[in-house]
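For reference, the structure discussed in these notes is given below.
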Amino acid sequence: IVCFFLQLVTTEGRFLKDSLYNEGILIVWDPSVYHSDIPKWYKNPDYSFFDNFKSYRKLHPDQPFYILKPQMPWELWDIIQEISPEQIQPNPPSSGMLGIVIMMTLCDQVDIYEFLPSKRKTDVCYYYQKFFDSACTMGAYHPLLFEKNMVKHLNRGTDDDIYLLGKATLPGFRSIRCGA
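So this note's numbering is basically just the index in the sequence shown, starting at one, shifted up by 67.
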């Protein structure tokens, strides 16, 4: 499953040609206006991508490709805000965090690598670009620090797994039991 921000569909010219987007299940998301409904979002998405989406569907008619419900990032943001000790900027969660939540919905256990940084301390921002910035680790736009705190809290692995391997092990939602 590849979960990515809608901007890649509209601004990256390689989207229609790059093999990275020709395999697996694709899920694209757009932040929309806070809690806007689908008809409102459809009339005014952050990025106009429907033409590229149609072109992609014509080129790859059998490729599983989904558009995430525009309210979902904000529903996740509400949860992150609720468990955070301070007010956070109302910016949508990262694609990484959205992907983690999607996988927690589908799987009994999710192993995540380098979302919580290991001793390697890399400043790589994206797997598909050679772009380095420490803000990508702790967040400048997305609430990454708060996302990482939530992942750390849910982690069923050890601190050594995180520090040495960059690995966090999260339970799927089916096995999470919330206390009263």
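Beta carbons are placed, not taken as given, at the ideal position from N, Cα and C, and that holds for glycine.
For residue i, is the classification buried or exposed, using 16 other Cβ atoms within 10 angstroms of its Cβ as the cut-off for buried?
i	result
Tyr180	exposed
Gly91	exposed
His102	exposed
Leu93	buried
Could you tell me the alpha carbon to alpha carbon distance between residue i and residue j, rounded to whole angstroms?
i	j	result
Asp113	Leu135	14 Å
Leu126	Lys84	9 Å
Asp104	Val95	17 Å
Ala235	Asn111	37 Å
Asp97	Leu165	11 Å
Trp141	Phe240	18 Å
Asp228	Pro137	34 Å
Going by alpha carbons, who is nearest to residue i out of the options?
i	options	result
His220	Leu232, Pro238 and Phe72	Pro238
Ile150	Ile229, Asn216 and Gly233	Asn216
Phe132	Trp141, Gln138 and Ser122	Ser122
Asn119	Ile147, Val76 and Pro137	Val76
Ile167	Lys186, Arg187, Met139 and Ile155	Met139
Pro159	Asp178, Pro128, Phe182 and Pro210	Pro210
Leu212	Val100, Ile147, Val177 and Gln176	Ile147
If I'm right that residue i touches residue j with Cβ under 8 Å, what's the distance once you round it to whole angstroms?
i	j	result
Leu73	Phe117	That pair is no contact at about 10 Å.
Trp144	Pro152	Not confirmed; about 16 Å, so no contact.
Phe71	Ser162	6 Å
May I have a chain-ordered list of the alpha helix (DSSP H) segments no shorter than 4 residues that lie completely inside the region 116 to 176?
117 to 126, 139 to 150 and 162 to 173
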